[in-house]
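Encoded as structure tokens, the structure appears first; notes follow it.
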């Protein structure tokens, strides 16, 4: 029961960030809005090693690799916000960009599914949380995958590659993840 309350709290907080205020009955958030809210909130439940940042004032970077399915939603959501007192920067990358290791969270678009092996090879040894909604992402070595369960956006976590990347995912976040089947 407690886990459901924690998940509800995280989701409620996330949705408050993407639903415009001032409406009596706002429409349900879109799939894109929910995913953007999760991307932002994942950072609150993960610890990166100090060497993942150039210095104490370095921004927290959320990268998008390939086609950007969110449009400007992510930039709008993080505008003026901070993660652990760091400003947040959103950056887009293409598959051949070696700078993908310079971000902290990397959303890998479905457009890059064919290149997952190369992407994970480039990310090897870096402390980048890889996230996607591409089918087979976790099996290929990804860390977080968005899934639809009972018509709602949820997520699965493959903690093994996250640990190898020296990322510490909180027990709370791990407990909210949908179990990986298979």
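Residue numbers (my numbering): 116 to 297. Virtual Cβ for every residue (Gly too), placed ideally from N, Cα, C.
The continuous alpha helix (DSSP H) containing residue 153 extends over residues 146-157. By DSSP's assignment, residue 223 forms a beta bridge with 180, 247. Judged by pairs of C-beta atoms under 8 Å, the segment 195-214 does not touch the segment 239-255, as fewer than three such pairs exist. In terms of Cα proximity to residue 271, the closest of 144, 206, 170, 249 is 249. The beta carbons of residue 247 and residue 222 sit closer together than 8 Å. If the five residues before and after residue 228 are omitted, its C-beta is found closer than 7 Å to the C-beta atoms of 249, all from its own chain and listed in chain order. Relative to the Cα of residue 173, the nearest Cα in the group 154, 267, 198 belongs to 198.
Shown here for residue 268: same chain residues with a beta carbon closer than 8 Å to its own, the five before and five after excluded, namely 146, 149, 150, 153, 261, 262 in chain order. A direct Cα-to-Cα measurement between residue 242 and residue 232 gives close to 17 Å. Residue nearest to residue 157 within the set 216, 277, 296, 295 is 277 (criterion: CA-CA distance).
Taking C-alpha positions only, residue 204 is separated from residue 284 by approximately 21 Å. Excluding five sequence positions before and after residue 224, the CB atoms of its chain that fall closer than 8 Å to its own CB belong to 179, 180, 181, 182, 183, 184, 247, 249, given in chain order. Under the three-state reduction of DSSP output, residue 260 falls in the strand class. Beta-carbon to beta-carbon, residue 176 and residue 219 are separated by about 5 Å, close enough to satisfy the 8 Å threshold.
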